[in-house]
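Structure first, commentary second.
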Amino acid sequence: MKRKSLLMLFSLLLLIGTILTGCGGGDNKASTSQQSETSGNSSNSNSETTVKQYSQGVTDQTIKIGNWATQSGAAAMYGPIAKGIDAYLKYVNNQGGVNGRNFEFVTYDEEYQPSRAVAIARKLIQEDKVFAIVGNDCTSCNKAALPLFKDSGVLVVGVSSGSDLFVNPVTQNVFGLLTNYAVEGRIFARYAVDELGAKKVGIFYQNDDFGKSGYLAAKDELAKIGAKLVEEIPYNSTDVDYKSGAIKMKEAKPDIVLSFSITKPTASIKKELHDIGVNVPFIVTGVTGSDNSLFELAGNAWTNVYSSSWLNLIGSDDDKVNAYVETLNKYYPNVNPSGPAQWGWAEAEVLVEGIKRAGDDLTWGNVIKQLESMDKWNEGMAFNVTYGPDNHYGSTSVFIIKDQDGQMVKQSDILTYEVEK
């Protein structure tokens, strides 16, 4: 009788605890649920108990992942990020998922508008209740949503921006992956001088957090190595006329031009330079230059162009690339496999690796811990993916690529810039 009373008291306390957990007040941070599985005879006091711990968005069968990507407007070329993510998650699901769970994916068009991105972030976290957000594009959009990410604690992996804003200083629940724009700017400056022999350099840059990150780092690196910066020309992402900037650049007579710019403005800038006879080497940020659609957008002006890639190139004899292209073609046959779609696939690969390592302890804290254990991970598209408690850059390794016969081809070994922590 005494044993039965104790059991009833324990059950009552457990019920009260469950109710209190479910009514957790006004804290925006999602609670962690626990489920127990007991193996062996339940009457045996020595039976083993496995406790599963979940943050929001996880059940025994599913893990919900969210994203935003620009599907309309001037930056719609980044929309395929979401398609790359979706293709990879379907690829994983078709192989049985991860630890018995399949992925669900929800994505929205933020239209490259920070205010809309904030509203979408709130919806993903509070209404869709996703476990993680992956591959979200637009530096300014992510900047606007960053306070909400921090406050909610939701896992954010593979931000599709290389801005320092998201990795320096470290935000515990936010992970980069795309080559950091400042790191890339320094690599470009050194490559221009050391490998291409430039003494006078001109720079175009988008007049926002994205463009300024690479521009300011390149400017600083050029000063360190004694090269002369002869012209600096900002533009706005909504601009349509780049002729005056091209004329100013021609008058400065640079040996080489660096451009920290998104796809459509880059094509326009390169065409304007080409039309007035400026055909010096042109180095453009990898988020743009790795996209083979520029051969069509810029036409015969897309020559003597260099860029960087943090991913295995499309067309290379690589099983991972072949699996990606085959899967993307299956679900999205009209999407260009180079550029943003490939970023999305790579970003999803890293998130899924962290989830695999976490087993059944699918809390944000544990997946963060597992991601921070990745050291020069090369099982996905990206090179040398490395995280740690004081390093959320992801990848600081690239190789240089150059236009050749309608595609970008490898020009260097992998270059790594060691970031200061």
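Each residue of the sequence shown is one higher than the one before, counting from 1 in this note's numbering. Idealized CB from N, CA, C, for every residue including glycine.
- Residue burial is scored here from C-beta neighbours: Q404 has fewer than 16 other C-beta atoms within 10 angstroms and is therefore classed as exposed.
- Where Y235 is concerned, the enclosing beta strand (DSSP E) starts and stops at K228 to Y235.
- If you compare the alpha carbons of I85, I187, G365 and E372 with that of W343, the shortest gap goes to I85.
- Three or more Cβ pairs drawn from the segment 234-254 and the segment 271-287 lie within less than 8 angstroms of each other, which places the two stretches in contact.
- Taking 8 angstroms as the cut-off, the Cβ atoms of E232 and I269 do not count as close.
- At the C-beta level, Y306 and P337 stay beyond 8 angstroms of one another.
- A Cβ-Cβ distance of about 7 angstroms is found for the pair S237 and P265, placing them in contact under the 8 angstroms criterion.
- Q206 and S293 have their C-alpha atoms roughly 20 angstroms apart.
- In this structure, T179 sits near W310, with a CB-CB distance shorter than 8 angstroms.
- In the DSSP assignment, M408 is bridged to D403.
- From the listed residues G97, R101, Q95 and Q126, the smallest Cα separation to G66 is found for Q126.
- P389 counts as exposed, since fewer than 16 other C-beta atoms from the protein chains shown sit within 10 angstroms of its C-beta.
- Take the alpha-carbon of Q61 and the one of V287: they are about 35 angstroms apart.
- Note on geometry: alpha-carbon atoms of S316 and D151 lie some 42 angstroms from one another.
- Between the C-alpha atoms of G96 and N102 there is a straight-line separation of about 7 angstroms.
- Within the segment 231-300, the complete beta strand (DSSP E) segments of 3 residues or longer fall at 256-260 and 282-284, listed in chain order.
- Membership of F105 in the beta strand (DSSP E) is indicated by the continuous run N102 to Y108.
- Three or more Cβ pairs closer than 8 angstroms define a contact, and the segment 255-262 meets that threshold against the segment 205-224.
- Counting along the chain, G202 sits inside the beta strand (DSSP E) bounded by residues K200 to Q206.
- DSSP places Y332 in the coil class of the three-state scheme, outside both helix and strand.
- Excluding sequence positions up to five before and after V321, its CB lies within less than 6 angstroms of the CB of N312, all in the same chain and listed in chain order.
- When N173, A117 and V385 are compared, the shortest CA-CA separation from Q71 is found for A117.
- Out of A82, I187, E111 and I63, the CA that lies nearest to the CA of G100 is found in I63.
- With a threshold of 16 other beta carbon atoms within 10 Å, I314 meets it and is buried.
- For A382, no beta strand (DSSP E) segment is defined, and its DSSP state is neither H nor E.
- Annotated as proximal: I256 and L196, with beta-carbon spacing under 8 angstroms.
- Listed as beta-bridge partners of S160 by DSSP are D137.
- With a threshold of 16 other beta carbon atoms within 10 Å, Y331 falls short and is exposed.
- Boundaries of the beta strand (DSSP E) around G66: T62 to W68.
- In the three-state reduction of the DSSP assignment, G214 falls in the helix class.
- Nearest neighbour of V174 by Cα position, chosen from A267, N94, E184 and S163, turns out to be S163.
- In the displayed model, V170 falls within coil according to three-state DSSP, outside both helix and strand.
- Per the C-alpha coordinates, the member of I133, A144 and Y191 positioned closest to V154 is I133.
- With a contact defined as Cβ atoms closer than 8 angstroms, V98 and K356 qualify at about 5 angstroms.
- In this structure, S55 sits near L362, with a CB-CB distance shorter than 8 angstroms.
- In this structure S160 is buried. Its beta-carbon is surrounded by 16 or more other beta-carbon atoms within 10 angstroms.
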